[in-house]
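What follows is a single structure, written as structure tokens, with notes after it.
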Amino acid sequence: MQNKTPPLKKQRTDESVNPIEFDKSSESWKRSDCLEKMTENKIDTDLYSRQLGTYGFDLMNKLVKLNILIINVKGVGLECAKNLILSGPQSVCIYDNDICDISDIGVNFYINEKDVEDKSCRSDAVLKELQELNNYVHIYNYKGTIEKNWLENFDVVICCDINKEDLIKYNNMIRGIDKKRIAFLSCNIYGLCGYIFVDFNKEFICYDSNGEQVKSCNVSKISKELEGKVSFDFDKTSPFEEGDYVQFSNVEGMTEINNKIYKIKNLKKYTFEIGDTSLYSEYIKGGICTQVKKHLKLNFYPYEYICVNPLNNENISNNEQKHNQNDNHFLDTCNNIIYENIPQPNSFIISDYAKFDMSNHLHYSIQALKWYELQNEKGLPENSDEDALEKIYNYAVTLNNKDKEEKKSYAVEQLKKDVVYNVCRYSKSHIAPVASFFGGLLAQEVIKFTGKYMPIYQLLYLDFFECISLNEKVDINEIKKMNCKNDNIITVFGKSFQKKLNNLNVFLVGSGALGCEYAKLFSLLDMCTRNSEQNTNLNQNNIDNNLACCGKLTITDNDNIEVSNLNRQFLFRREHVGKSKSLVSSEIIKKKNNNMHVQSLETKVGAENEHIFNEEFWTKQNIIVNALDNIQARQYVDNKCVWYSKPLFESGTLGTKGNVQVIIPYLTQSYNDSYDPPEDSIPLCTLKHFPYDIVHTIEYARDIFQGLFYNTPLSIKQFLNDKEEYINKIQEEGNNASLLENLQNVINSLKEISSQCNFDFCIKKSVELFHNNFINQINQLLYSFPLDYKLSSGEYFWVGQKKPPQPIVFDVNNEMIQEFLLSTSNLLAQVYNIPPCFDINYIINVAKKIEVKPFEPKKVKINMDEKNLNNISISFAEEEKIIDDFCKELLNIPTNNIKINPIEFDKDEQTNLHVNFIYAFSNLRAINYKINTCDKLKAKIVAGKIIPALATTTSIITGLVGIELLKYVNYYDNIQAYVKLSDEQRKKEKHDVLSYFKNAFINSALPLFLFSEPMPPLRMMDKEYDELMKGPVKAIPNGFSSWDKIVISIKNGTIKDLIDHINEKYSIDVNLISVGNACLYNCYLPAHNKERLNKPIHELYKQISKQDLLEDKNYIIVEASCSDQDLVDVLIPSIQFIYK
1 MQNKTPPLKK
11 QRTDESVNPI
21 EFDKSSESWK
31 RSDCLEKMTE
41 NKIDTDLYSR
51 QLGTYGFDLM
61 NKLVKLNILI
71 INVKGVGLEC
81 AKNLILSGPQ
91 SVCIYDNDIC
101 DISDIGVNFY
111 INEKDVEDKS
121 CRSDAVLKEL
131 QELNNYVHIY
141 NYKGTIEKNW
151 LENFDVVICC
161 DINKEDLIKY
171 NNMIRGIDKK
181 RIAFLSCNIY
191 GLCGYIFVDF
201 NKEFICYDSN
211 GEQVKSCNVS
221 KISKELEGKV
231 SFDFDKTSPF
241 EEGDYVQFSN
251 VEGMTEINNK
261 IYKIKNLKKY
271 TFEIGDTSLY
281 SEYIKGGICT
291 QVKKHLKLNF
301 YPYEYICVNP
311 LNNENISNNE
321 QKHNQNDNHF
331 LDTCNNIIYE
341 NIPQPNSFII
351 SDYAKFDMSN
361 HLHYSIQALK
371 WYELQNEKGL
381 PENSDEDALE
391 KIYNYAVTLN
401 NKDKEEKKSY
411 AVEQLKKDVV
421 YNVCRYSKSH
431 IAPVASFFGG
441 LLAQEVIKFT
451 GKYMPIYQLL
461 YLDFFECISL
471 NEKVDINEIK
481 KMNCKNDNII
491 TVFGKSFQKK
501 LNNLNVFLVG
511 SGALGCEYAK
521 LFSLLDMCTR
531 NSEQNTNLNQ
541 NNIDNNLACC
551 GKLTITDNDN
561 IEVSNLNRQF
571 LFRREHVGKS
581 KSLVSSEIIK
591 KKNNNMHVQS
601 LETKVGAENE
611 HIFNEEFWTK
621 QNIIVNALDN
631 IQARQYVDNK
641 CVWYSKPLFE
651 SGTLGTKGNV
661 QVIIPYLTQS
671 YNDSYDPPED
681 SIPLCTLKHF
691 PYDIVHTIEY
701 ARDIFQGLFY
711 NTPLSIKQFL
721 NDKEEYINKI
731 QEEGNNASLL
741 ENLQNVINSL
751 KEISSQCNFD
761 FCIKKSVELF
771 HNNFINQINQ
781 LLYSFPLDYK
791 LSSGEYFWVG
801 QKKPPQPIVF
811 DVNNEMIQEF
821 LLSTSNLLAQ
831 VYNIPPCFDI
841 NYIINVAKKI
851 EVKPFEPKKV
861 KINMDEKNLN
871 NISISFAEEE
881 KIIDDFCKEL
891 LNIPTNNIKI
901 NPIEFDKDEQ
911 TNLHVNFIYA
921 FSNLRAINYK
931 INTCDKLKAK
941 IVAGKIIPAL
951 ATTTSIITGL
961 VGIELLKYVN
971 YYDNIQAYVK
981 LSDEQRKKEK
991 HDVLSYFKNA
1001 FINSALPLFL
1011 FSEPMPPLRM
1021 MDKEYDELMK
1031 GPVKAIPNGF
1041 SSWDKIVISI
1051 KNGTIKDLID
1061 HINEKYSIDV
1071 NLISVGNACL
1081 YNCYLPAHNK
1091 ERLNKPIHEL
1101 YKQISKQDLL
1111 EDKNYIIVEA
1121 SCSDQDLVDV
1131 LIPSIQFIYK
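Each residue of the sequence shown is one higher than the last, beginning at 1 in the UniProt record's numbering.
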């Protein structure tokens, strides 16, 4: 067997290229440390794959050891518990001895009427369903007394909705435990506002403040001078920021710089400075510059101190402040770690710059409310107790005045009475979306105790008072408690509002992570519950009728449940795997709220299913909520919402990040009015010849998988099924490089299969694939571009991002090569319909005996155009064959009894070896190019294009959407009235209804919360010069948006009828008419004027598109391109052309 590559024939430098030998002690070739830890701690990578994509194994290995106590699980506590249990700590203990109240059903998904009737305590009521969320987590409740020695059993203690006295008591007990560091967190929600307090004790280390991947770049030059200028290669702008710390490795020549940390100064697009390098050796080439993340040192204070000194720097002495400023960073030289002391913040977190000082007002309001709660025997005030509200307000003013006298920076000039009243009036109410938001955020703060992500430091206040800001006055009778499950909503929004929620028709598109959370919220809010009989006598113009036809939730999702879904799609269990998402979620929601009318569909929302989601369906909907994970589907739903003038609530998550977009007819931009930037693509030359990142090798491995196990087998299968049709199709496509390559692969594969078809053949193919990819191709590239190859400019070719590769020795004793052989041979066996073999010893023994031809360099065409040097093509100088010769050769191959099974890549089936192949192939190629290898999870995430997802972020985002939905229902009348106003009239209005809605972007890792008013719709205006049209443009009507349309009704109307109508009404000429992708008329084509003018538009469309129109639809959507008499382009809205 040939197991070594011969010496290169073209070697022009003393720097030899030796094949890489495998050292079993080498870290690069050991199984990943992460995988060893995974096995040790039994982390289920199938279950946690999306979470691991965000957190990584380091955090998860800390998380699975955490023991957590949650005190009180009414609303926010239950949401926090649910999210933490899904995340996978070691244990969660629930402490809540309060008896279930009827109003709990409206905020706690696991409490029902029977729990209330039986007078169960909350911890008993929720325990069973919490235990079902995650079998890996020990979940139990406790009913004894909370003592200090008992608290020592926990790593994290969370208090929810408790009074100030208990909060301080438990916090101080935790801080008094010296055996270990225990995190303490607290969260209270009061109606439409709340706060979170975090205490991780003294000198807490945050080793990764943002959770982003470490940035790196390839060094192209380092100067030897006082400034020490570093030049680097990067595709776009610099990956670094001024003040970042970086570490160098693999630098040749100036080796003194390797493994040392430097601070970036004077950063420019492709250079930065690191300081004096004048005493170092001369730089020759190479080197990687990698970002070093600072370890942040934070000192937390107890709540007893923070509640009166929320911004601690106010009380730090001048000497300590000076010390913090001058000695902010220090280097641990033994471990190469940069530490930074983080002083206490000097301002609250600002989430909305439209109300930048709201946190200050909330601080005094909540502290005064906590004072009253302890003073009052009944605790928090009733929403009708005006005397109590006034008393609390006066105390809040006293607190603020005291801080003003002491010149505290957070004191406000004048406390807002409406803020204090809003906090206190609704303090007994627990609104489900608010609980969802704070519960998700609180759980994410617990995750930060592992050291990853920046914790809240130390207080966060947030409110959603925009939900009720337009209500002119409080009607006490309307918000009177009714002792029912809807009391939380009624005591804030009123009885009439709750009826509107009951009446809603809602279309929920998607039943994944977001969809499950939305369905839960709709159930808790008692939406979609009104019977059709109750609607019979409603006036057609009545607001209630406009907001519903019969009260119904429609859920659609064409996906089935997978194991990886269970980590964040909390409605699903192991026994549901393989079943329909929409069907299961609908059944569970109906069990939880048997008054809800829920219809489940397993139908994809798209043009192919418009006979299901038809005119009648869309017209009946009041609210559309997207819970989708792809842009194409979002765009389609948005188009429908725009056409039918329906509100759309759009959202998305990515790891710790999430966004919310509120889309209201005629008031806001639609989803399609703005576009996300396109995804970065990797140049083909980088993938094939010059990878410098593990992502490149994984993507290349994925391409190899597609070609080897799917594309070529599929072509063979098509040929075997119908040889004549296949040959005809080939000949029609013509002569091109990709076709010739595919044909050659088909011919070679068929010849091999027809002559030998057993598992040994699959092993032989695997060995040949190894030599071709990791030895021969590498040697060929180095033959064509030797290590000393220079450009015409005199610069070396192999610099910067171009890493010179090295071939690998074929060593069957190496674990990674064994993984490659095992996965490749078995996948080939599956393709060729051969029984599998998982005996690695057998595979090794066969592989040892296989002889492979030694490498022989081929002639190469080298592109000497340095601007396009990356577009080189390596030709093996084989005689080119024409298509006919290939086809004749194909037909002469015996194909009897050949069965082929193309394999589609499946990332989530652990036993199918798909990810194993990607993992082995990508890492072998990474070693070729001296790129750091990865674990299987990384290979799976990149190759499977897995979107990292967290239950915590999902809870946060759906909570925010739920809040915006409440605003829409509450302000429905205001919106309808506002839409009818002219621009001039709107300017005179006291309230701009749009300003009360909020789009949102959050990144809980930082933590960052950005709320902003939705953008108004894009309007088409008259322009003297339009960049796109390269000339003047008119808009008719001037200022129309995508929400507007022209309605034209002409029975069996022809092209001429439409042209004449537009000409007469708008005095403009029609140049082009199209429907969808079909062009029906072009005035510049004489044939169109002759043959198409007098044809009915709907018939012409069917003729051209070869598609039928829906029988129940009496119109067609037409787009027209027009111009005026001066040949100026004219833009008009879409046309609803009614033809019957």
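Ideal Cβ positions, reconstructed from N, Cα and C, are used throughout, including at glycine.
It should be emphasised that the depicted structure is a prediction, and the values quoted were computed from it without experimental measurement.
Query                                                                                                                                                        : Result
When burial is assigned at 16 or more other CB atoms within 10 Å of the CB, is T911 buried or exposed?                                                       : exposed
What do you reckon, are the CB atoms on R425 and P302 nearer than 8 Å?                                                                                       : no
Alpha carbon to alpha carbon, how far is D208 from Y453? Give it in angstroms, no decimals.                                                                  : 6 Å
Should E256 go down as buried or exposed, given a rule of 16 or more other Cβ atoms within 10 Å for buried?                                                  : exposed
Give a yes or no on whether the C-beta atoms belonging to F761 and F921 are separated by under 8 Å.                                                          : no
Tell me, which residues are paired with E650 by DSSP?                                                                                                        : Q661
Locate the beta strand (DSSP E) running through K1045, then write down its first and last residues.                                                          : 1045–1049
Could you tell me whether the segment 938–956 touches the segment 692–709, using the rule of 3 or more Cβ pairs below 8 Å?                                   : yes
Tell me the residue span of the beta strand (DSSP E) that contains T554.                                                                                     : 552–556
To the nearest angstrom, report how far apart E1111 and S496 are at their CA atoms.                                                                          : 40 Å
Work out the CA separation of L185 and S651 for me, nearest whole Å.                                                                                         : 28 Å
Starting from I68 and walking both ways along the beta strand (DSSP E), at which residues does that stretch end?                                             : 67–71
Once you ignore the five residues that flank residue 1141 on each side, which residues in its own chain have a CB closer than 6 Å to its CB?                 : As displayed, the chain neither begins before 1 nor continues past 1140, which places residue 1141 out of reach and without an answer.
Using CA coordinates, which residue listed in F356, P455, T450 is at the minimum distance from Y410?                                                         : F356
Taking only runs that begin and end inside the segment 170–247, name each unbroken beta strand (DSSP E) of 3 or more residues, in chain order.               : 183–190, 193–199, 204–206, 216–222, 229–233
Alpha carbon to alpha carbon, how far is N758 from F709?                                                                                                     : 17 Å
Return the residue from the list E466, E1091, A513 that minimises the CA-CA distance to F493.                                                                : E466
Going by DSSP, name the residue or residues bridged to A332.                                                                                                 : Looking at the sequence itself, residue 332 is Asp, so the reference to Ala does not match. Paired residue(s): I337.
Using a Cβ-Cβ cut-off of 7 Å (strictly less than) and excluding sequence neighbours within five positions of D1108, which residues of its own chain qualify? : K1102
Taking all protein chains shown into account, decide if S278 is buried (16 or more other Cβ within 10 angstroms of its Cβ) or exposed.                       : exposed
Go to P948, then tell me how far its beta strand (DSSP E) extends in each direction, as first and last residue.                                              : That residue, P948, is in no beta strand (DSSP E); it is neither H nor E in DSSP.
Where in the segment 933–995 do unbroken runs of the beta strand (DSSP E), each at least 3 residues long, occur, reported from the N-terminal end onward?    : none
Could you check whether G88 and P948 sit closer than 8 Å to each other, using their CB atoms as the reference points?                                        : no
Pick out whichever of E1091, D1044, H1061, I1059 has its Cα sitting closest to the Cα of P1133.                                                              : D1044
Tell me which residues share the same chain as V1128 and place their Cβ nearer than 8 Å to its Cβ, disregarding the 5 neighbours each side in the sequence.  : G1031, P1032, V1033, K1034
Which residues in the same chain have their Cβ closer than 6 Å to the Cβ of Y489, if we skip the five residues on either side of it in sequence?             : The question names Tyr, but residue 489 is Ile in the sequence shown. Here the set comprises Q498.
Please state if the CB of V506 and the CB of N622 are separated by a distance shorter than 8 Å.                                                              : yes
From this set, P665, T656, Q632, which residue's C-alpha is nearest W643's C-alpha?                                                                          : P665
Ignoring anything shorter than 4 residues or poking outside the segment 711–792, list the alpha helix (DSSP H) runs there in chain order.                    : 712–721, 723–733, 737–755, 759–771, 777–784
Indicate whether the contact test is met: 3 or more Cβ pairs, each with one atom in the segment 795–803 and one in the segment 207–223, closer than 8 Å.     : yes
What number of angstroms, rounded off, separates the C-alpha of L415 from the C-alpha of N400?                                                               : 7 Å
Rounded to a whole number of angstroms, what is the C-alpha to C-alpha distance between S564 and R50?                                                        : 7 Å
Could you tell me the distance, in whole angstroms, from the CA atom of S1123 to the CA atom of S1067?                                                       : 9 Å
Compute the Euclidean distance between the alpha carbons of R986 and L667, then round it to the nearest angstrom.                                            : 12 Å
Using a Cβ-Cβ cutoff of less than 7 Å, which residues in the same chain neighbour K1056 once the five nearest sequence positions on both sides are dropped?  : L1093, N1094
Report yes or no: do the segment 767–785 and the segment 800–818 share at least 3 C-beta pairs separated by less than 8 Å?                                   : yes
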